[in-house]
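>
Residue numbers (mature numbering (1 follows the signal peptide of the UniProt record, and there is no 0)): -35 to -1, 1 to 141.
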């Protein structure tokens, strides 16, 4: 008569089971981080803009891509904006309200695919913490209409060490 005896060998996982488990853990931890970030009460509200419109008015004033970026804090595809390759002398202004934001003198090629600057014009932008996407960043907004422009990072060139990584669709260029 044979008896069942527990095995003393450790159970083995197949490669597929291991990878599926790791993927599930990553997905759960990412979901938790995103849910925490989305519910983070430390993100301050948008500033009171000097220029404001109803949602319907913004939709009439802006192209669909401008609306998605400026009013819904979207991000354009890297290398999709013609402003990334704009090298003439001039000013970059908000596509929502026309406020001049950046000078071409502070533009540099960051290699990221988005127009990048090491400094905005005085009193042109406002900044606030952005805890979306499971990370903390600094969002850059137009000071006049509170349109989302992009984010600022501390990996830029001298003299500021900052990289204002802007969505090209959020801006217009005017040669001077």
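Virtual Cβ for every residue (Gly too), placed ideally from N, Cα, C.
1. Between residue 89 and residue 66, which are expected to be in contact by the criterion C-beta below 8 Å, what is the C-beta distance as a whole number of angstroms?
2. Do the segment 99 to 113 and the segment 35 to 43 make contact, defined as three or more Cβ pairs closer than 8 Å?
3. Counting pairs of beta carbons, one from the segment 93 to 108 and one from the segment 68 to 82, are three or more of them closer than 8 Å?
4. Here's the rule: buried if 16 or more other CB atoms are within 10 angstroms of the residue's CB, otherwise exposed. What is residue -9?
5. Comparing alpha-carbon positions, which option in 99, 16, 70 and 50 lies nearest residue 59?
6. Identify whether residue 54 lies in helix, strand or coil by the three-state DSSP scheme.
7. Using the C-alpha atoms, what's the distance from residue 133 back to residue 140?
8. For residue 120, count neighbouring C-beta atoms within 10 Å of its own C-beta (all shown protein chains included) and say buried if the count is 16 or more, exposed if not.
9. Quick check on residue 98: does DSSP put it in helix, strand or coil?
10. What do you reckon, are the CB atoms on residue 69 and residue 47 nearer than 8 Å?
In short:
1. 5 Å
2. yes
3. no
4. With a pLDDT of only 46 at residue -9, under 50, the local geometry of the prediction cannot be trusted, and the value read off the model is given with reservation. That one is exposed.
5. 16
6. coil
7. 15 Å
8. exposed
9. helix
10. no
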